[in-house]
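Taken in order, these protein sequences are the chains called Z and G. Going by this note's numbering, 59 is the number at position 59 of the first sequence; the sequence numbering is gapless. Going by this note's numbering, 319 is the number at position 319 of the second sequence; the sequence numbering is gapless. Every residue, glycine too, gets a C-beta built ideally from N, C-alpha and C. These figures come from a predicted structure and were not determined experimentally.
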Amino acid sequence: MQDTSSTGQLLKADTLGESYRQVDTSKFKIGHELSAGTRQSLPQTTLPQEMPANEREFLTYVTRPTPKPHRPRSASILRPRQIWEGTVVECENGSFLARVTDKTNPANTDELVTFELEEVSPEDKKLVQPGASFYWTIGVESSPAGQIQNIDRVIFRRLPGWSASSVRAAEREAKEIAQLLFSE
Amino acid sequence: MSLTTPPHFDEFEVSVFGPGRGECILVHLGYNEWCMIDSCIGSGRSVPAAVEYLREIGQASLQGVLLVLATHWHDDHIGGIADCLREFTNAKFACSTALGHEQFLTLVQLQTKSLQGNSGVDEFGKVLNVLRERRLGEINSSKVAPIFAIQDRPLMHREDPGRAFSATITALSPSDVTVRLALNKIAELMPRTNQPQRRITNRPPNESSVVLMIEVGDRRALLGADLEHSGQLGEGWLAILNSSQLKHRPAQIFKVPHHGSPNADCPEVWEGLLIPDPIAVLTPFTPGRGLPQERDISRLKTRTTNLLCTAEPKVRLPKRDDKVVEKKLKNRKRIAVDGKLGHVRVRWPVNDETAAPSIELFNGAYQV
Numbered sequence: 001m002q003d004t005s006s007t008g009q010l011l012k013a014d015t016l017g018e019s020y021r022q023v024d025t026s027k028f029k030i031g032h033e034l035s036a037g038t039r040q041s042l043p044q045t046t047l048p049q050e051m052p053a054n055e056r057e058f059l060t061y062v063t064r065p066t067p068k069p070h071r072p073r074s075a076s077i078l079r080p081r082q083i084w085e086g087t088v089v090e091c092e093n094g095s096f097l098a099r100v101t102d103k104t105n106p107a108n109t110d111e112l113v114t115f116e117l118e119e120v121s122p123e124d125k126k127l128v129q130p131g132a133s134f135y136w137t138i139g140v141e142s143s144p145a146g147q148i149q150n151i152d153r154v155i156f157r158r159l160p161g162w163s164a165s166s167v168r169a170a171e172r173e174a175k176e177i178a179q180l181l182f183s184e
Numbered sequence: 001m002s003l004t005t006p007p008h009f010d011e012f013e014v015s016v017f018g019p020g021r022g023e024c025i026l027v028h029l030g031y032n033e034w035c036m037i038d039s040c041i042g043s044g045r046s047v048p049a050a051v052e053y054l055r056e057i058g059q060a061s062l063q064g065v066l067l068v069l070a071t072h073w074h075d076d077h078i079g080g081i082a083d084c085l086r087e088f089t090n091a092k093f094a095c096s097t098a099l100g101h102e103q104f105l106t107l108v109q110l111q112t113k114s115l116q117g118n119s120g121v122d123e124f125g126k127v128l129n130v131l132r133e134r135r136l137g138e139i140n141s142s143k144v145a146p147i148f149a150i151q152d153r154p155l156m157h158r159e160d161p162g163r164a165f166s167a168t169i170t171a172l173s174p175s176d177v178t179v180r181l182a183l184n185k186i187a188e189l190m191p192r193t194n195q196p197q198r199r200i201t202n203r204p205p206n207e208s209s210v211v212l213m214i215e216v217g218d219r220r221a222l223l224g225a226d227l228e229h230s231g232q233l234g235e236g237w238l239a240i241l242n243s244s245q246l247k248h249r250p251a252q253i254f255k256v257p258h259h260g261s262p263n264a265d266c267p268e269v270w271e272g273l274l275i276p277d278p279i280a281v282l283t284p285f286t287p288g289r290g291l292p293q294e295r296d297i298s299r300l301k302t303r304t305t306n307l308l309c310t311a312e313p314k315v316r317l318p319k320r321d322d323k324v325v326e327k328k329l330k331n332r333k334r335i336a337v338d339g340k341l342g343h344v345r346v347r348w349p350v351n352d353e354t355a356a357p358s359i360e361l362f363n364g365a366y367q368v
């Protein structure tokens, strides 16, 4: 939860002149506890009747919350320390060997790393095939309650299947390449 | 001699680089004419090793490269080969006959629309783009059509009136049988409809690798690529031994096939195609269990006393600054893929029959 009224004030205070800065906002109830995604149902700000109309209009404007990305209350926040992109090279006996490329520091050499199939979520296990692509992340995850956990996670990419038309198009292009390039 | 000193016009040079992302052999055919077999890029570098080396010994050498050959499509052999071809504007491209088949080209086209990187198929797509640029730009249009290698096909012959000696490059493989096997393998790699998109990773065996005999005057090098010894007639090294017309012209320099692996070891090659005690050059392969293993080195040392290796097979893993990451990684079984790029250089005057070859080792290359 955030007090978005102060966020709102920052949006306009610099551009509307000194008189607005002199408004003592502590007299007014302009702050709201806002949940993300509740902009439409925002209650009206309670402003004193003696306030000039232009100031009233401004404060109504500045206390409108800035849009926030929708985040369900239950979502955890992942802060990656290191990310690799991996490709499965071979799978056997409950483990798989993958070539991983360092996405955090691309100057590092690729590595071959062994993973246990148990590290893969049940719904991803069927994706573990030679050539399959995944992301491997080491990082810290914060729960909504503020608990912090070190994580080491493998998530397979779900790429679309080859369509019959894309295969036919590739066959057509292959013929064209052969005609274009393979004769003097 | 300094690394940057170019070879004399009558010097045969075989420079072997590896193991970066790929491996590479540069051969000086005399008179500033070169050919490049496979390609590699050093770890953390962006320019292919062959381009860097030729720039160091003189910009004119880049225009002297007449042939760029990919022995096979695996990415541990052809990293940066398309960039080399773009740089070497006078070079023609050569590869196995199997890779000119429309089915392989279809695979390349599919891959270029999918996951990129870490597949030799991608690199082939880039080679086709370079050739297309040449054709459409009408630049070097005589250097567009690839040369397809098959057993006993001469790929290049240099014998000008101005030359005191000839230079010939002959493909000793793949045989007809192995081309058919390779095409079957390519067919297996073709994705089925609705199959999720995946990278095309290296798959053994390496039956369609192009083995070369390069002859410059009386100096000869047999370059073994990754050709394996299956023991089947008509395949691998036995196919070469059964048909080779080169037995009476054994090579003095040997690029050991498939990183010294026992599956590429064929004793008859040492007896039939090489002089006794030849200069043998190895490039290590770090992934998997690593090649060569100790027993491979022991075996090879029984075959020659002149065994050279471009680098140590074991490679140090990169350290991460983040202590949490480093701690997590300690529990993992990991191997670095790209090793430190070493360089073995053999130079040998062609016109002087009594001259001995000079062997130079750079960047961690060593005599075993």
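Residues near residue i by beta carbon distance below 8 Å, same chain, minus five either side
i: H101(G); result: L183, I186
i: A75(Z); result: P144
i: V368(G); result: L282, I297, L300, K301, L307, L308, C309
i: S243(G); result: Q151, D152, S175
i: R334(G); result: L317
Enclosing beta strand (DSSP E) for residue i [first to last residue]
i: Y135(Z); result: 133-142
i: Q82(Z); result: 77-92
i: E11(G); result: 11-28
i: R109(Z); result: Here residue 109(Z) turns out to be Thr, not Arg, going by the sequence shown. No beta strand (DSSP E) contains T109(Z), which DSSP labels as neither H nor E.
i: E215(G); result: 212-216
i: Q149(Z); result: 148-156
i: V121(G); result: That residue, V121(G), is in no beta strand (DSSP E); its alpha helix (DSSP H) goes 120-136.
i: S95(Z); result: 95-102
i: S209(G); result: Note, S209(G): premise wrong, no beta strand (DSSP E); not H, not E.
i: A94(G); result: 92-96
i: M156(G); result: 153-158
i: F148(G); result: 147-149
i: L222(G); result: 219-223
Start and end residues, alpha helix (DSSP H) containing residue i
i: F182(Z); result: Here F182(Z) belongs to no alpha helix (DSSP H), and DSSP marks it neither H nor E.
i: A164(G); result: From DSSP, A164(G) is part of no alpha helix (DSSP H); its letter is neither H nor E.
i: R180(G); result: 176-189
i: D38(G); result: First-last for D38(G): undefined, no H or E at that position.
i: K107(G); result: The amino acid occupying residue 107(G) in the given sequence is Leu; Lys does not appear at that position. Looking at the DSSP string, the run of the alpha helix (DSSP H) that includes L107(G) is 102-112.
Other residues of its chain near residue i: CB distance less than 6 Å, five sequence neighbours each side excluded
i: H57(G); result: First, the residue type needs correcting, since residue 57(G) is Ile and not His in the sequence shown. T4, P6, listed in sequence order.
i: E159(G); result: S166
i: A239(G); result: S175
i: R153(G); result: A171
i: S2(G); result: none
i: V91(Z); result: Sequence check: residue 91(Z) is Cys here, not Val. Hits under 6 Å: V128.
i: I138(Z); result: R81, Q82, D152
Beta-carbon contacts of residue i that lie in its chain and below 7 Å, excluding the five residues immediately before and after
i: G42(G); result: G20, A49, L341
i: E87(G); result: V51, L62
i: Y366(G); result: C309
i: L85(G); result: V68, A91, F93, V127, V130
i: G114(Z); result: The residue you asked about is not Gly; residue 114(Z) is Thr in the sequence shown. Correct list, in chain order: S95, L97.
i: P257(G); result: G224, A225, D226, L227, A264
i: I78(G); result: G22, D38, S39, A70, G120, E123
i: W73(G); result: L99, G120, V121, F124
Check: residue i C-beta below 6 Å from any heavy atom of the ligand ADP
i: F93(G); result: What this structure holds is no ligand at all, so the ligand ADP is not there to describe.
3 or more residues per run - each beta strand (DSSP E) lying fully within the segment 320-360 of chain G: 334-336, 342-349
Contact between the segment 9-24 of chain G and the segment 212-221 of chain G (3+ Cβ pairs under 8 Å): yes
Residue ranges of each alpha helix (DSSP H) within the segment 231-318 of chain G, 4 or longer: 236-243, 267-272, 294-301
Stretch-stretch touch, CB-based, cutoff 8 Å, three pairs: the segment 64-74 of chain G with the segment 25-37 of chain G: yes
Cβ contact check for the segment 187-198 of chain G and the segment 218-237 of chain G: 3 or more pairs under 8 Å: no
3 or more residues per run - each beta strand (DSSP E) lying fully within the segment 55-82 of chain G: 65-70
Touch test, the segment 76-96 of chain G against the segment 146-157 of chain G, Cβ-Cβ under 8 Å, three pairs minimum: yes
Residues of the segment 102-120 of chain Z whose Cβ lies closer than 7 Å to any Cβ of chain G, in chain order: A107, N108, T109, D110, E111, L112, V113, T114
Cβ pair count under 8 Å reaching 3, the segment 110-126 of chain Z against the segment 154-165 of chain Z: yes
Where the segment 44-69 of chain G meets chain B: residues whose CB sits under 7 Å from a CB there: In the structure shown, chain B cannot be found, because the protein chains are Z and G.
Residues in the segment 321-349 of chain G having any Cβ partner in chain Z nearer than 7 Å: D322, V324, V325, K328, R332, K333, R334, I335, A336, V337, D338
Residues within the segment 167-180 of chain Z neighbouring chain G, beta-carbon criterion of under 7 Å: V167, A170, E171, E173, A174, K175, I177, A178, L180
Cβ contact (3+ pairs, closer than 8 Å) linking the segment 106-115 of chain G and the segment 169-179 of chain Z: yes
Interfacial residues, the segment 121-154 of chain G to chain Z, with Cβ spacing under 8 Å: L128, L131, R132, R135, S142, V144, A145, P146
Residues from the segment 124-158 of chain Z in contact with chain G, defined by Cβ distance under 9 Å: L127, Q129, P130, G131, A132, S133, I138, G139, V140, N150, D152, R157, R158
Where the segment 72-95 of chain Z meets chain G: residues whose CB sits under 7 Å from a CB there: R81, Q82, T87, V89
Proximal residues, the segment 176-196 of chain G versus chain Z, C-beta separation under 7 Å: P191, T193, N194, Q195, P196
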